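There are 2 protein chains.
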Amino acid sequence: MPLPRLAVVGVGLIGGSFSLALKRAGAVAEVVGLGRAPLDEALRLGVIDRAAANIRDAVTAADVVLLATPVGQMPQLFAAIRDVLPPGCLITDAGSTKQDVIGAAKAGLGERVSQFVPAHPVAGREKSGVAAAEPALFEGRHVVLTPSADQRAEDVDRIAALWRACGARVSTMTPTQHDAVFAAVSHLPHMLAYALVDDIAARPNADELFAFAAGGFRDFTRIASSSPEMWRDIALNNREALLCEIDSYGDKLAALRALVAAGDGPGLERLMARARDRRDAWLARFNVGAENTAE
Amino acid sequence: MPLPRLAVVGVGLIGGSFSLALKRAGAVAEVVGLGRAPLDEALRLGVIDRAAANIRDAVTAADVVLLATPVGQMPQLFAAIRDVLPPGCLITDAGSTKQDVIGAAKAGLGERVSQFVPAHPVAGREKSGVAAAEPALFEGRHVVLTPSADQRAEDVDRIAALWRACGARVSTMTPTQHDAVFAAVSHLPHMLAYALVDDIAARPNADELFAFAAGGFRDFTRIASSSPEMWRDIALNNREALLCEIDSYGDKLAALRALVAAGDGPGLERLMARARDRRDAWLARFNVGAENTAE
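Chains as they are written, first to last, in our numbering: chain A, 1 to 295; chain B, 1001 to 1295.
Quick look at the structure:
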């Protein structure tokens, strides 16, 4: 039986794609959206069926609420939801960081945190906004749930079933484990890509440099076209894990620099071959698709 | 009138694609190849017409010689070519570094350095080897020539014409300018990508980390699947410029780290927005294709 009503708070790439995927699967009857800007485009594209006037309007008659805003907005949303949340309604989120979101949920929702199932869909594109939403965005992608003893197993299962209806592969982690894993394989690379573009852009000869930048540079920096607001929040909200990753990476880069400075050809080739072999094995094993997906 | 005979020394992705592109354009009559391994596949694929027995055999009857080996092999090749180089024969190369190759040419060729026109085709793929060669590899790509007063203008024009026949956009730089530009936009990103994969691969939980790495990680690290031998040589042969770039990048990363550590949201968002806007403007202006090309 389809979910009677889903409320999507933050109707952008992720929230819009969740709605489209559930609609395509026949897993939801009605989607109500809430955004910062008017939702004309989301209505026109059929991403939502109705635009809510405010958070109370969005939540009061919903069966499930998805928070798909930048994580920095979630504390105030949880606080606003607390008094209007129907007893049987579940909340989930799409934040890329989990310890901070769970902390905000506890602070904002109080004992009603039992109705919140934290989730992170590991999918996305460097394009943001509802116009980029697509029903296939989560197909074959990981969705990581980070529930605790605060939530009931059957509620976690209900949220997992929705993500599976989108075609996603659902797994669970502790929030700490989640934040450490994604600091390494997602948050750090985003910082590295932003840093490279900003480094080049600040040069007096930036125009010449960009003129000769080619496909390697383009792909390396693709994630530097991601939403600054979203990634600012992720960097700040997963600060400790990210700082550890930046430091670990700095150590590795210093080691590589030392090999270059010393003219250590065998050492450099060993490092490069190890990296290439590991990456190629990863690509072959996990069959990461060719689609233009980030996270 | 097509070139009667081209000799390709190093029949891999670049050398093979140069041959295929000139053949397709009707710009060459016969291609002789020389490789470290038997050239059966290159012959079978029609990339070369004949396999030379040695460097003397490859060069003696050639009109143009392309050196498309890793740059570390070029010193010995120039030395071996010196005594067998026909007077009217031009040599060019496809090395990603230029000051070192020119130095090797002067040392190896002596006064015959006048017959060497240094070139860098800014194209490639992370796949190496002749099986990856394709005639369209250089279409719309930059080829940078770095001639000096040692070479005659008409010889530089002849080499430029061959690259244009491959569909490339030919420009010229000084060797120093070339090496500085590509250290920034190509050599540095390759080092950064190798370093990230090697950093992750060295962790006790590497398997878990790779299991949750997604499209952003895949594209960021694509160039870490490039040939270790080739990139070892590039790193060592453009050492000074690369070390400067690693240090400049380290400073930028330290600045970004400080913003994260200080919880400076506006500062982080400014940096990220600046990088995103600059990258998006670059993509729009230079219309870098969607093909899977590195350099």
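Idealized CB from N, CA, C, for every residue including glycine. Quick caveat: nothing in here was measured; it's all calculated off a predicted structure.
Pick from the options that is closest to residue i, judged by C-alpha positions
i, options, result
"A1132 (chain B)", "B:L1256, B:I1014 and B:D1264", "B:I1014"
"G1108 (chain B)", "B:Q1073, B:E1139, B:A1051 and B:G1124", "B:Q1073"
"C1244 (chain B)", "B:Q1115, B:M1191, B:T1060 and B:V1009", "B:M1191"
"V1185 (chain B)", "A:A201, A:D157 and A:A183", "A:A201"
"A1261 (chain B)", "A:G267, A:N237 and A:A136", "A:N237"
"L188 (chain A)", "A:V117, A:R239, A:Q151 and A:R112", "A:R239"
"T176 (chain A)", "A:G103, A:R218, A:Q76 and A:K252", "A:G103"
"S1227 (chain B)", "A:R274, A:S227, A:I91 and A:F116", "A:R274"
"P118 (chain A)", "A:D247, A:V59, A:P266 and A:A153", "A:A153"
"G26 (chain A)", "A:V65, A:P86, A:V84 and A:P135", "A:P135"
"F1217 (chain B)", "A:P86, A:L283, A:D155 and A:R203", "A:L283"
"L1085 (chain B)", "B:V1059, B:D1157 and B:F1116", "B:V1059"
"I91 (chain A)", "A:S128, A:P147 and A:R44", "A:P147"
Exposed unless 16 or more other CB atoms sit within 10 angstroms - verdict on residue i
i, result
"A123 (chain A)", "buried"
"M1272 (chain B)", "buried"
"A168 (chain A)", "buried"
"T293 (chain A)", "Confidence in T293 (chain A) is poor, its pLDDT being 44 and thus under 50, which makes the residue's placement unreliable; the coordinate value appears in the next sentence. Counting Cβ neighbours within 10 Å, T293 (chain A) comes out buried, since at least 16 surround it."
"A1105 (chain B)", "buried"
"M1 (chain A)", "exposed"
"R285 (chain A)", "exposed"
"T174 (chain A)", "exposed"
"N205 (chain A)", "exposed"
"E1269 (chain B)", "buried"
"A1258 (chain B)", "exposed"
"G1110 (chain B)", "exposed"
"D1247 (chain B)", "exposed"
"R203 (chain A)", "exposed"
"G1215 (chain B)", "buried"
"D251 (chain A)", "exposed"
Residue i CB to nearest heavy atom of the ligand ATP below 6 Å
i, result
"D1198 (chain B)", "Annotation note on the ligand ATP: not contained in the displayed structure, which lists no ligands."
Same chain, Cβ closer than 7 Å to residue i, five either side skipped, listed in chain order
i, result
"V1170 (chain B)", "V1143, L1145, A1160, W1163 and R1164"
"V28 (chain A)", "P2, L3, L6 and L22"
"E291 (chain A)", "With a pLDDT of 42 at E291 (chain A), under the threshold of 50, the modelled position of this residue cannot be trusted, and the question is left open."
Cβ-based neighbour list, residue i, same chain, cut-off 6 Å, excluding 5 preceding and 5 following
i, result
"G289 (chain A)", "Because the pLDDT of G289 (chain A) is 49, which lies under 50, any placement of that residue in the model is unreliable, and the number read from its coordinates should be weighed accordingly. Around G289 (chain A): no qualifying Cβ."
"A1062 (chain B)", "R1005, A1007 and C1089"
"A1042 (chain B)", "V1011, G1033, I1048 and V1130"
"R1050 (chain B)", "V1032"
"A1094 (chain B)", "I1014, A1068 and P1121"
"D233 (chain A)", "P70, V71 and G72"
"A1193 (chain B)", "T1221, I1223 and A1224"
"A255 (chain A)", "none"
"A180 (chain A)", "A241"
"A1183 (chain B)", "N1238, A1241, L1242 and E1245"
"R1141 (chain B)", "V1122, A1123 and A1168"
"D1150 (chain B)", "V1113 and S1114"
Sequence-distant residues of the same chain with beta carbon closer than 8 Å to residue i, five excluded per side
i, result
"F138 (chain A)", "S17, F18, A21, P121, A123, W163, C166, G167 and A168"
"Y249 (chain A)", "L188 and L192"
"V197 (chain A)", "T221 and A224"
"R1024 (chain B)", "P1135"
I'd like to know if the stretch 1265–1281 of chain B and the stretch 208–227 of chain A are in contact, where contact means that at least 3 CB-CB pairs between them fall below 8 Å.
At 8 Å Cβ cutoff, the stretches touch.
Below 8 Å, how does it come out for the stretch 1027–1042 of chain B and the stretch 1090–1098 of chain B: are there three or more Cβ pairs, yes or no?
Touching, no.
Give a yes or no on contact between the stretch 1045–1060 of chain B and the stretch 1068–1083 of chain B, applying the rule of three or more CB pairs nearer than 8 Å.
Output reads yes: the stretch 1068–1083 of chain B touches the stretch 1045–1060 of chain B.
In chain order, each beta strand (DSSP E) run of at least 3 residues that lies wholly inside the stretch 1088–1176 of chain B
Counting only runs of 3 or more, we get 1090–1093, 1119–1121, 1142–1145 and 1169–1172.
Contiguous alpha helix (DSSP H) assignments of at least 4 residues, all confined to the stretch 1022–1084 of chain B:
Complete alpha helix (DSSP H) runs here, min 4: 1040–1044, 1055–1060 and 1074–1081.
Segments of 4+ residues assigned as alpha helix (DSSP H) that fall wholly inside the stretch 223–255 of chain A:
Complete alpha helix (DSSP H) runs here, min 4: 228–237.
Give the list of continuous alpha helix (DSSP H) stretches no shorter than 4 residues that lie fully inside the stretch 171–211 of chain A.
For the stretch 171–211 of chain A, whole alpha helix (DSSP H) runs of length 4 or above, ordered along the chain, are 175–182 and 188–201.
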